[in-house]
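What follows is a single structure, written as structure tokens, with notes after it.
Protein chains: 4
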Amino acid sequence: MPNAILLISCPDKRGITAAVTNFVYDNNGNIVHVEQHIDDQINTFFMRIEWSLEGFKIKREEITRDFSRIAEKFSMKWDLYFTDVLPKTAIFVSKRLHCLYDLLLRYKEGQLACEIALVVSNHPDAGKVAKEFGISFHEFSITSDNKHEQEKKELEVLKKLGIELVILARYHQILSENFVNEYSDKIINIHHSFLPAFPGKDPYAKAYGKGVKIIGATSHYVTKDLDEGPIIEQGTVRISHKDTLAELIRNGEDLEKLVLSRAVLWHLERKVLRYGNKTVVFD
Amino acid sequence: MPNAILLISCPDKRGITAAVTNFVYDNNGNIVHVEQHIDDQINTFFMRIEWSLEGFKIKREEITRDFSRIAEKFSMKWDLYFTDVLPKTAIFVSKRLHCLYDLLLRYKEGQLACEIALVVSNHPDAGKVAKEFGISFHEFSITSDNKHEQEKKELEVLKKLGIELVILARYHQILSENFVNEYSDKIINIHHSFLPAFPGKDPYAKAYGKGVKIIGATSHYVTKDLDEGPIIEQGTVRISHKDTLAELIRNGEDLEKLVLSRAVLWHLERKVLRYGNKTVVFD
Amino acid sequence: MPNAILLISCPDKRGITAAVTNFVYDNNGNIVHVEQHIDDQINTFFMRIEWSLEGFKIKREEITRDFSRIAEKFSMKWDLYFTDVLPKTAIFVSKRLHCLYDLLLRYKEGQLACEIALVVSNHPDAGKVAKEFGISFHEFSITSDNKHEQEKKELEVLKKLGIELVILARYHQILSENFVNEYSDKIINIHHSFLPAFPGKDPYAKAYGKGVKIIGATSHYVTKDLDEGPIIEQGTVRISHKDTLAELIRNGEDLEKLVLSRAVLWHLERKVLRYGNKTVVFD
Amino acid sequence: MPNAILLISCPDKRGITAAVTNFVYDNNGNIVHVEQHIDDQINTFFMRIEWSLEGFKIKREEITRDFSRIAEKFSMKWDLYFTDVLPKTAIFVSKRLHCLYDLLLRYKEGQLACEIALVVSNHPDAGKVAKEFGISFHEFSITSDNKHEQEKKELEVLKKLGIELVILARYHQILSENFVNEYSDKIINIHHSFLPAFPGKDPYAKAYGKGVKIIGATSHYVTKDLDEGPIIEQGTVRISHKDTLAELIRNGEDLEKLVLSRAVLWHLERKVLRYGNKTVVFD
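For the protein sequence lines, the chains are V, Y, H and S, in the order given.
FYI, the numbering for the first sequence is 89 to 371, going by the numbering used here.
FYI, the numbering for the second sequence is 89 to 371, going by the numbering used here.
FYI, the numbering for the third sequence is 89 to 371, going by the numbering used here.
FYI, the numbering for the fourth sequence is 89 to 371, going by the numbering used here.
Structure (structure tokens):
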């Protein structure tokens, strides 16, 4: 039997925790996880509750309707998920394929609670990798002239396949605002620096030039502002003057794989709540 | 107004979360934090709930009585704390004083929710430090002959002062089983290795001899079995062949301060639950 | 033009550095890297020197003969390498294939200065992966009865192919002393714990049972004593009570890949010097 | 007997290593450490060589003269140090005293190869701490009006005492260009962020606002450009949404102590070479 998960945010007030746990308990649900967080500065309450549907008295298709009464009372923003519903996912990639390989190997191992339905690239290189893993591949080469048109085609493919999550696994094209709006809070990017340091192009070369002693990687939701979206996960690794730019990149790419895969894993386990330009990660 | 904190463990079963949150909510308490954990392997439920006493309908001296009904129903082991009750604490130390200094500086900064009432040592060196910070100091020199007798005197002093927590901040005497039993789950030790590696004497020299590339420190509750008690916190730091034993020790001692102070902080914030030989840390 | 590398150890004495650097300089070599280390406790000197063969007056096949005079004078143990000679390498693996994949992907990227000539396993699973990367695969199933015989066959294959380095990338068979002696200091293992903690079988389950707050991985040269050989590299990662055994393993396996690949990389770059049961790593 | 240390940088060319090591060896010096680094991008050679003066044939006051011949030949920038000459050091601090305490405790333990001769502050608070450790204290309150004048007085005190190193241990005044020029490469600052992220004021509040998952600290030489000088050392530590700003600061300040003390230690051990806006740290 699957579990149900509610992700909730609302103005903080007495009685929210009790109301939500009672909703589950009174309907004979067995709570497996419950976590909450209060941001005092903005008086906002966040909650993640996961319970087993075994013996739960409300049918799954009626949970939304029944929970709405509580949600309205507390002016909640909320989402309901079921652990047996695997979101269809597309991976976008350019020429560096280490993150793609990493995600596909984790997928094959059963680590990622999704269905990877598609690999998209602006170059042909990833096609062979997608094929090895039995995943569909679409190439959309992008130029300054055809970008608008190609994105439109991409969106058509995504919609047709019912894609619900887009992972930018070192995809070196800036998505237009229109594309981003279509997948609000549903595009996860890996940026190869410790943001907000070194946004934009060539962060490794910038880090090398600056002489930093630690480099980083950042996974975040994509918004219309480049490399400015809500951060989900970051990692850092020490380097030294002995590291050439190539060695710095090798160490950085190892980190990218870890950081991106953790962000994706947590998103898929419904542990990430975005608010404003920040995230709560109930890891 | 202070907060109340309940630390609970019991056999896992439906309805615990709802029962506890309702107890708080129905009596007009405002829940500030709630965290729970289930250990599937032993079917045990753990919970930490913290609520504001502002407007809470039950008087603080009656909470124990009123909560007992719920506790009994679920066969809970539980403890109730109030954030304005600061446990009296003694720090035991031998000749290395870095952890003592670190704790006293944090105490002075207001980081530690306790009252440090006493410094105990088997050497005179710590006396000067204790004095600088205005803390009482007792020296109990220990030999193989007088140990039993001295521990008895130590316990008398601790009892007289109402000490509720003993911190072994590099105290190089093994406490007898009798002493440990008097302060069960209330003695926190720092061991200067990554346990279970290098228990017992001279862990840094052992680590150096073994040629490890990373050293560690471990803070744990003291049990009758030397360096075997439930681990609260650990830390590690990279070393290399270039580090002499002295440099290894310097790096290790920096780590000890961080690891011990975190363990103490969490214990005092009532975030640590011991079970069997493990801990849940709701950090 | 390739570089030459000398790895040297000898009793510490005045004049070693000058003698070696003069040997290179007087013969018109351009020193690219030089690092030395002295272990005071055992009065031993270690050195790694790398120089460009461009314009070097001694023919590469005569360097050994010419350097021997200096080596003898200082009673050196030494090895000479050339960066264009790629050692033939075999990877041994059992059922967990994450380290194998990781090494082969790095190999494909050109990160590893070797020729991976062979994958060996006691199970068939790795065959498909080896094939994807175009590497020969040999299955030698091992039972308590046939072990001696199978190892003999394995050694024959290794010898025939001229294998100079064996990587145990989660190979769950204990190599016999005879096998180990044939490849002294040329077998690199990954053990999935922070040695000397949790040697032997099932280290993750042991770590989980112990309740440690950090887990580790260790890469070391294989000696006849199980999990006791000289450590090349270690890594650690934080876990918490929230991590199930499966999550602990997932985090640990990510670490294994990093730790093993770094050890292999450094070995192949001739940066590792073994002495006694320790290593100097000129990283 | 003390050691001599040479820190050298020059255009890369054949024969530098041999020339320097021969200089030491031919004069009967025993090399204890030698490290070199070549930055290919700017064709620059860096070297640190340390040798025992026991039996060294050149008198220490004549080493400079004798070495100059080699230095000129290779157009070296170089500095000569002796391990028994302890540079006089001043610590500048404002209201947060954790780094001051940390440095003074390390000093008392004998970790820092300097003579701390002075504590300077724009507030009176540090006076008591300086006194505890028996160090002179000068208060120079700074306003926008008196800054120029006060800095002049500070410089007079520094000069009179022969101060050779200034440590800004959370000193919240921007030094004027004139002051910085007087102590070029001899002022070490701790900035409480992972530079180049969050330069300037209130980096912890900025990090909290941005929702980063890791915070950092950076120690660097001070130049006329605020928070832009060559980085000596950096450190990072994980945080989460659960950390309040106060907890973020507490974790950050623990890090500052480690990062600043390492930078100071390495500087005093003459392991740091500045070049352009970067450093080589022969740690």
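Heads up, the beta-carbon is just placed ideally off N, CA and C, and yes, glycines get one too.
Computed from a predicted structure; not experimentally measured.
Hey, how far is the Cα of V:Ile275 from the Cα of V:Val254?
A direct Cα-to-Cα measurement between V:Ile275 and V:Val254 gives close to 5 Å.
Taking 8 Å as the CB-CB limit, is H:Gln124 close to chain V?
Not one chain V Cβ lies under 8 Å of H:Gln124.
Drop a sphere of 10 angstroms on the beta-carbon of Y:Val173, count the other beta-carbons inside from all chains shown, and report buried for 16 or more, exposed for fewer.
The residue in question, Y:Val173, is exposed, as its Cβ has fewer than 16 Cβ neighbours within 10 Å.
Would you say Y:Leu348 and Y:Ala257 are within 8 Å of each other, going by their C-beta atoms?
Taking the C-beta atoms as reference points, Y:Ala257 is found nearer than 8 Å to Y:Leu348.
Along the beta strand (DSSP E) that carries Y:Glu227, what are the first and last residues, could you check?
In this chain, the beta strand (DSSP E) harbouring Y:Glu227 covers 225-227.
Flag Y:Tyr189 as yes if its beta-carbon sits less than 8 Å from any beta-carbon of chain S, otherwise no.
So, interface residue.
Quick one: what does DSSP say Y:Leu185 is sitting in, helix, strand or coil?
In this structure, Y:Leu185 counts as coil in the three-state DSSP scheme.
Which residues DSSP lists as bridging S:Glu203, in chain order:
In DSSP, S:Glu203 forms a bridge with S:Lys176.
Can you tell me which residues form a DSSP beta bridge with H:Thr324?
Note: H:Thr324 sits in a beta bridge opposite H:Gly304.
For H:Arg194, does the count of other Cβ atoms within 10 angstroms reach 16, so buried, or fall short, so exposed?
By the neighbour-count criterion, in which 16 or more other beta carbons inside 10 Å mark a residue as buried, H:Arg194 falls on the buried side.
With respect to 7 Å, is the separation between the Cβ of S:Asp273 and the closest non-hydrogen atom of the ligand ADP below this value?
As presented, the structure is devoid of all ligands, the ligand ADP included, so that no description of it is given.
Would you say V:Ala106 faces chain Y, with C-beta separation under 8 Å as the test?
Yes, because at least one Cβ of chain Y sits closer than 8 Å to the Cβ of V:Ala106.
Run through chain Y and tell me which residues come within less than 7 Å of V:Thr109, C-beta to C-beta.
Within chain Y, the C-beta atoms nearer than 7 Å to that of V:Thr109 come from Thr105, Ala106, Thr109, in chain order.
Check for me: the alpha helix (DSSP H) holding Y:Ile151 runs from which residue to which?
Where Y:Ile151 is concerned, the enclosing alpha helix (DSSP H) stretches over 148-161.
Name the chain H residues whose beta carbon is nearer than 8 Å to that of S:Asn34?
Residue numbering for chain S in the displayed model covers 89 to 371; residue 34 of chain S lies beyond these limits and cannot be assessed.
Between the region 285-304 of chain S and chain V, which residues of the former have CB atoms less than 8 Å from a CB of the latter, in chain order?
Contact annotation: in the region 285-304 of chain S, residues whose CB is within less than 8 Å of a CB in chain V are Ala285, Phe286, Lys298, Gly299, Val300, Lys301, Ile302, Gly304.
Would you call the region 107-117 of chain S and the region 134-150 of chain S in contact, with 3 or more CB pairs under 8 Å?
Verdict: yes, contact present.
Grab me the residues of S:Ser140's own chain with a C-beta within less than 7 Å of its C-beta, minus the 5 sequence neighbours each way, in chain order.
Contacts found: Met89, Asn91, Gly117, Asn118, Val120.
H:Ser272 at chain Y interface by Cβ criterion, 8 Å
With 8 Å as the cut-off, H:Ser272 does not count as an interface residue toward chain Y.
Any 3 or more C-beta pairs closer than 8 Å across the region 180-195 of chain H and the region 340-359 of chain H:
Three or more Cβ pairs closer than 8 Å define a contact, and the region 180-195 of chain H meets that threshold against the region 340-359 of chain H.
Give me the subset of the region 209-229 of chain H whose CB atoms are less than 7 Å from a CB atom of chain Y, sorted by chain position.
Against chain Y - using a Cβ distance shorter than 7 Å - the region 209-229 of chain H contributes no residues.
Proximity winner among H:Lys241, H:Pro99, H:Thr109, relative to H:Thr132 (alpha-carbon distances):
Nearest C-alpha to H:Thr132: H:Pro99.
Thinking C-beta only, is Y:Arg358 closer than 8 Å to Y:Leu95?
Yes, they are a contact pair.
Length of the line joining the Cα atoms of S:Ala301 and V:Ile319
Correcting the residue type first, residue 301 of chain S is Lys in the shown sequence and not Ala. Straight-line Cα distance between these residues: approximately 7 Å.
Check whether the region 223-242 of chain Y touches the region 295-309 of chain Y, counting contact only when three or more Cβ pairs, one atom from each stretch, lie closer than 8 Å.
Fewer than three beta-carbon pairs drawn from the region 223-242 of chain Y and the region 295-309 of chain Y are found closer than 8 Å, and the two stretches are therefore not classed as touching.
Status (buried if at least 16 other CB within 10 Å, exposed otherwise) for S:Ser209:
Counting other Cβ atoms within 10 Å of its Cβ, S:Ser209 reaches 16 or more and is therefore classed as buried.
Can you give the Cα-Cα distance for V:Tyr292 and S:Val325, rounded to whole angstroms?
C-alpha of V:Tyr292 to C-alpha of S:Val325: approximately 21 Å in a straight line.
Helix, strand or coil, according to DSSP, for Y:His355 in the structure here?
In this structure, Y:His355 counts as helix in the three-state DSSP scheme.
Kindly list, in the order they appear in chain H, the residues whose Cβ is closer than 7 Å to that of S:Ile119.
Residues of chain H passing the Cβ test: Thr105.
Within 7 Å of chain Y by C-beta, residues of the region 174-204 of chain S in sequence order
Residues passing the 7 Å Cβ filter: Tyr189, Leu193, Gln199.
Presumed contact (8 Å Cβ cut-off) between Y:Phe134 and Y:Val368, rounded CB distance
With a Cβ gap of about 5 Å, Y:Phe134 and Y:Val368 count as contacting.
Mind checking the region 321-349 of chain Y against chain H and listing, in chain order, the residues whose C-beta falls within less than 9 Å of any C-beta there?
From the region 321-349 of chain Y, only Glu321, Gln322, Gly323, Thr324, Arg326, Ser328, His329, Lys330, Thr332, Leu333 have a Cβ closer than 9 Å to chain H.
Under 9 Å by beta carbon: chain C residues contacting Y:Arg102
Chain labels in this structure do not include chain C; the protein chains are V, Y, H and S.
When the Cα atoms are used, what is the spatial distance from Y:Leu361 to Y:Leu353?
Roughly 13 Å between the two C-alpha positions.
How many Å lie between H:Lys366 and S:Glu252 at the Cα?
Approximately 40 Å between the Cα atoms of the pair.
Below 8 Å between beta carbons: does that hold for S:Ile104 and S:Phe162?
Closer than 8 Å, so yes.
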